[in-house]
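Enquirer:
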Amino acid sequence: MKRVVFNQKGGVGKSTITCNLAAVAAAAGKRTLVVDLDPQGNSTRYLLGEAADKLENTGSAFCDQMLSMKLWPKPTEDFIAATRFNNLSVLPGDAGLEELQGKLEARYKIYKLKETLNALEGYDEIWIDTPPALHFYTRSALIAADSCLIPFDCDDFARRALYALLDNVAEIRTDHNNALRVEGIIVNQFQPRANLPMKIVQELRDEGLPVLKTLLSASVRIKESHQKATPMIHFDRGHKLSQEFSALYKELTGGKRT
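In the working numbering, the protein residues as written are 1361 to 1618.
(1) Considering only DSSP beta bridges, list what Pro1511 is partnered with.
(2) Taking its Cβ as the centre, do 16 or more other Cβ atoms sit within 10 Å of Gln1551, making it buried, or is it exposed?
(3) Would you report the Cα separation of Phe1595 and Ala1521, rounded to the nearest angstrom?
(4) As a quick exercise: from Ile1486, Tyr1497, Leu1381, pick the residue whose alpha carbon is nearest that of Leu1460.
(5) Taking CB distances under 8 Å as the criterion, tell me whether Gly1371 reaches chain C.
(6) With H, G and I counted as helix, E and B as strand and the rest as coil, what does DSSP make of Thr1590?
(7) Grab me the residues of Gly1456's own chain with a C-beta within less than 6 Å of its C-beta, minus the 5 sequence neighbours each way, in chain order.
(8) If we call anything under 8 Å between Cβ atoms a contact, is Ser1403 one with Asp1413?
(9) Looking at the secondary structure, which residues open and close the beta strand (DSSP E) in which Thr1392 lies?
(10) Quick check on Lys1362: does DSSP put it in helix, strand or coil?
(11) Should Ser1338 and Ile1593 be called a contact, given that it needs their Cβ atoms to be closer than 8 Å?
(12) From Ile1488 to Lys1472, what distance separates their C-alpha atoms?
(13) Using only the alpha-carbon positions, how far apart do Val1384 and Leu1464 sit?
(14) Going by the DSSP bridge assignment, what does Asp1489 pair with across the sheet?
(15) With a threshold of 16 other CB atoms inside 10 Å of the CB of Arg1363, please say whether the residue is buried or exposed.
(16) I'd like the list of long-range same chain contacts for Phe1422, defined as Cβ closer than 6 Å, with 5 residues on each side in sequence excluded.
(17) Within a Cβ cutoff of 6 Å, which residues of the same chain sit near Arg1449, ignoring the five residues on either side of it in sequence?
(18) Indicate the three-state DSSP secondary structure (helix, strand or coil) for Lys1616 in the structure shown.
(19) With DSSP run on the structure shown, which of helix, strand or coil describes Ser1577?
(20) Could you work out which residue in Leu1540, Cys1514, Cys1379 is closest to Val1571 when comparing CA atoms only?
(21) Please return the same chain residues whose Cβ sits closer than 8 Å to the Cβ of Leu1482, not counting the five positions on each side in sequence.
(22) Mapping DSSP to helix, strand and coil, what is Ala1530?
(23) Would you say the region 1551 to 1560 touches the region 1527 to 1540, given that touching needs at least three Cβ pairs under 8 Å?
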């Protein structure tokens, strides 16, 4: 199963959601890979901590190999780094991805990620983190994925952007990936005591949009987990947010939407 976490809006928790759901999957015994396509490398830093600074085989090195068309390229597995968490690995993102984007697009490597991930063996789940823009890397991810998860924070600006985002995903599905589906909209940083968030969530559900039942709470604890480079299920298993990530994963893999 290959999922892409995507939103063109920044600051909605793409990397946080990607890494925490991947960590829940890995803790459940699934051999799990996170693919970090964001030049900021937030998912990479979250999962590897300071070890990210010592990597040689990074995502940009992998993409550079695509461009060079070497006769004997390194296997994709050489670019994948194990984390300190059982069953969880990452194909790291780094700043060099930004420089390579135009070159990859010019050479029309838009299907290369799909080919690469389809050829990988041994992974039960692949989670793809994307930059906050619709460009080469995000299109590549949407073409490669089976489903798309959309993080959403509850304000009117985010709501207006959501409709355009859904149109963009539909266009990718029509033109490049007939199997792609929007698996769900993930409400993040939810504040249950405020009137506006619940009102917006209910209105989206009334419109028939696939808003997932599990809502992720706002908490400073998630920022502390970032600082410790440790996803919530390992950082504070008993915390409400850890339980919400586990419930969200269960909903995605077998629960029902409401």
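Don't be surprised by glycine CBs; every beta carbon is placed ideally from N, CA and C.
Expert: Looking at the coordinates:
(1) Ile1546
(2) That one is exposed.
(3) 33 Å
(4) Minimum Cα distance to Leu1460 is reached at Tyr1497.
(5) Any reference to chain C falls outside this structure, which holds one protein chain only.
(6) Coil at Thr1590, not helix or strand.
(7) Ser1420
(8) Cβ atoms of Ser1403 and Asp1413: not closer than 8 Å.
(9) Following the DSSP letters along the chain, one finds Thr1392 inside the beta strand (DSSP E) bounded by residues 1392 to 1396.
(10) In the three-state scheme derived from DSSP, where H, G and I count as helix and E and B as strand, Lys1362 is classed as strand.
(11) No information on residue 1338 is available, as it lies outside the stretch 1361 to 1618 that the chain covers here.
(12) 14 Å
(13) 33 Å
(14) Val1365, Asp1396
(15) buried
(16) Around Phe1422: Phe1439.
(17) In the sequence as displayed, the identity of residue 1449 is Ser instead of Arg. These residues qualify, in order along the chain: Leu1393, Ile1440, Ala1442.
(18) Below a pLDDT of 50, predicted positions are generally treated as unreliable, and Lys1616, at 43, falls in that range; the measurement from the model is reported next regardless. Looking at Lys1616 - three-state DSSP - the assignment turns out to be coil, as it is neither helix nor strand.
(19) Secondary structure of Ser1577 (DSSP, three-state): strand.
(20) Cys1514
(21) The sequence given here has Gly at residue 1482, not Leu. Excluding residues within five positions, the ones whose Cβ falls inside 8 Å are Arg1391.
(22) helix
(23) With a cut-off of 8 Å on Cβ pairs, the region 1551 to 1560 is not in contact with the region 1527 to 1540, counting fewer than three such pairs.
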